[in-house]
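Visitor: Under my numbering, the residue at position 80 of the sequence shown is numbered 80, and the numbers go up by one with no gaps. The C-beta atom is built at its ideal place from N, Cα and C for all residues, glycine as well. Because the structure is a prediction, the values reported are computed rather than measured.
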Amino acid sequence: MSIEVKKLSKTYGKQIAVNQIDFQVNTGEIVGFLGPNGAGKSTTMKIITGFIPPSSGGGTVCGIDFVENSIDVRKIVGYLPENNPLYPEMYIKEYLSFMAGLSQVNQAASAVKKAIEITRLGPEQHKKIGQLSKGYRQRVGLAQALLHNPKVLILDEPTSGLDPIQVAEMRNVITDLGKEKTVMLSTHIMQEVEAMCERVIMINRGNIVADDNLKELKNKYQTSLEDIFKQLTQNVDAL
Numbered sequence: 001m002s003i004e005v006k007k008l009s010k011t012y013g014k015q016i017a018v019n020q021i022d023f024q025v026n027t028g029e030i031v032g033f034l035g036p037n038g039a040g041k042s043t044t045m046k047i048i049t050g051f052i053p054p055s056s057g058g059g060t061v062c063g064i065d066f067v068e069n070s071i072d073v074r075k076i077v078g079y080l081p082e083n084n085p086l087y088p089e090m091y092i093k094e095y096l097s098f099m100a101g102l103s104q105v106n107q108a109a110s111a112v113k114k115a116i117e118i119t120r121l122g123p124e125q126h127k128k129i130g131q132l133s134k135g136y137r138q139r140v141g142l143a144q145a146l147l148h149n150p151k152v153l154i155l156d157e158p159t160s161g162l163d164p165i166q167v168a169e170m171r172n173v174i175t176d177l178g179k180e181k182t183v184m185l186s187t188h189i190m191q192e193v194e195a196m197c198e199r200v201i202m203i204n205r206g207n208i209v210a211d212d213n214l215k216e217l218k219n220k221y222q223t224s225l226e227d228i229f230k231q232l233t234q235n236v237d238a239l
């Protein structure tokens, strides 16, 4: 098992962002983590990756407690946040080399080369990040998340703002990565979930409202994933 979450909660004052949720992600799975804006997806991902603490509850990544040992968890997790933080004045290869140094990656030059190959950044590697399209900036963020060869990838809206061609290219990259790594990704694009994921977890107003194999979920509701999403998150306007 790669990820285990137990009774995880996060509150901000009186606002409940995540409400005692439980779920597991098995080794080798690509799992879609779905929910409307404000449902608690990003908060949950930030807690699992050790960037913010929970208010209560906890869990593990590859058996390591992500509350008590967040630094150790970061060594085995690659994280692409929703707002991809980059240095636009740096060149791609320069940026990745800099980040590899900060992360104390062994054989940094080799790691940078491999990350560039995986994310298909080769033709662009000598460009400044500020000159890149949104699609290529997303690839740079993904390449940075891969530098330390993580066992688990957590990707928050990896295809947000991309055009159809860029979406297809990113989907292919993530699918290939899923052959070797556990992947948990959030997205609002249902077609992407159906193309990449065998299982989905849905969250709404901080609560898990569905956790099932995609095929079984569609058989249960006898409708499309988009319609299932609408049914289970229909109180989104109350957020």
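With a CB to CB cut of under 6 Å and the five nearest residues on each side skipped, what residues in its chain are close to residue 136?
Guide: In the sequence shown, counting from the first residue as 1, residue 136 sits at position 136. Once the five neighbours on either side are set aside, the close Cβ partners of residue 136 are 124.
Visitor: Identify the residues that DSSP records as bridge partners of residue 204: which are they?
Guide: Taking the sequence shown and counting its residues from 1, the one referred to as residue 204 is at position 204. Answer is 207, bridged to residue 204.
Visitor: Express the C-alpha separation of residue 94 and residue 121 in angstroms, rounding to a whole number.
Guide: Taking the first residue of the sequence shown as position 1, residue 121 is located at position 121. Taking the first residue of the sequence shown as position 1, residue 94 is located at position 94. Taking the straight line from one Cα to the other gives about 13 Å.
Visitor: Does the distance from the CB of residue 77 to the CB of residue 197 come in under 8 Å?
Guide: Locating residue 77 in the sequence shown gives position 77, counting from the first residue. Locating residue 197 in the sequence shown gives position 197, counting from the first residue. Not a contact, by the Cβ cut-off of 8 Å.
Visitor: Apply the 10 Å Cβ neighbour rule to residue 66 and answer buried if 16 or more other Cβ atoms are within range, or exposed otherwise.
Guide: Counting from one through the sequence shown, the residue named residue 66 turns up at place 66. Per the 10 Å Cβ criterion, buried.
Visitor: Going by Cα to Cα distance, which pick from 68, 71 and 155 is closest to residue 184?
Guide: Residue mapping note: residue 184 aligns to position 184 of the sequence shown, counting from 1. Checked all of 68, 71 and 155; the closest Cα to residue 184 is 155.
Visitor: Where residue 4 and residue 151 are concerned, what is the direct C-alpha to C-alpha distance, given to the nearest angstrom?
Guide: Locating residue 4 in the sequence shown gives position 4, where the first residue counts as 1. Locating residue 151 in the sequence shown gives position 151, where the first residue counts as 1. Taking the straight line joining both Cα atoms gives about 14 Å.
Visitor: Whose C-alpha, out of 37, 92 and 81, is nearest the C-alpha of residue 52?
Guide: In the sequence shown, residue 52 corresponds to position 52, counting from 1. If we check each option's Cα against that of residue 52, 81 comes out closest.
Visitor: Within 10 Å of its beta-carbon, does residue 56 have 16 or more other beta-carbons around it, so buried, or fewer, so exposed?
Guide: Here residue 56 refers to the residue found at position 56 when the sequence shown is read from its first residue. Looking at its Cβ environment, which holds fewer than 16 other Cβ atoms inside 10 Å, residue 56 is exposed.
Visitor: Return the CA-CA distance between residue 140 and residue 119, expressed in angstroms with no decimal places.
Guide: On the sequence shown, position 140 is the one that residue 140 refers to. On the sequence shown, position 119 is the one that residue 119 refers to. Between residue 140 and residue 119, the C-alpha separation is close to 8 Å.
Visitor: Report the rounded CA-to-CA distance for residue 173 versus residue 158, giving the unit in angstroms.
Guide: On the sequence shown, residue 173 is found 173 positions in, with the first residue counted as 1. On the sequence shown, residue 158 is found 158 positions in, with the first residue counted as 1. Roughly 11 Å between the two C-alpha positions.
Visitor: Is residue 6 helix, strand or coil by DSSP?
Guide: Here the question's residue 6 lines up with position 6 in the sequence shown. Strand.
Visitor: Residue 143 and residue 165: beta carbons closer than 8 Å?
Guide: By 1-based counting over the sequence shown, the position of residue 143 is 143. By 1-based counting over the sequence shown, the position of residue 165 is 165. Contact: no.
Visitor: Please report the distance separating the alpha-carbon of residue 131 from that of residue 162.
Guide: As a working note, residue 131 is residue 131 in the sequence shown. As a working note, residue 162 is residue 162 in the sequence shown. Straight-line Cα distance between these residues: approximately 16 Å.
Visitor: Given this structure, state the Cα-to-Cα distance separating residue 68 from residue 231, to the nearest angstrom.
Guide: For the purposes of this step, residue 68 is identified with residue 68 of the sequence shown, where counting begins at 1. For the purposes of this step, residue 231 is identified with residue 231 of the sequence shown, where counting begins at 1. The straight-line gap from Cα to Cα measures roughly 37 Å.
Visitor: Alpha carbons only, please: which of 54, 48 and 29 is nearest the one belonging to residue 17?
Guide: Counting from 1 along the sequence shown, the entry for residue 17 is found at position 17. For the residues 54, 48 and 29, the minimum Cα distance to residue 17 belongs to 54.
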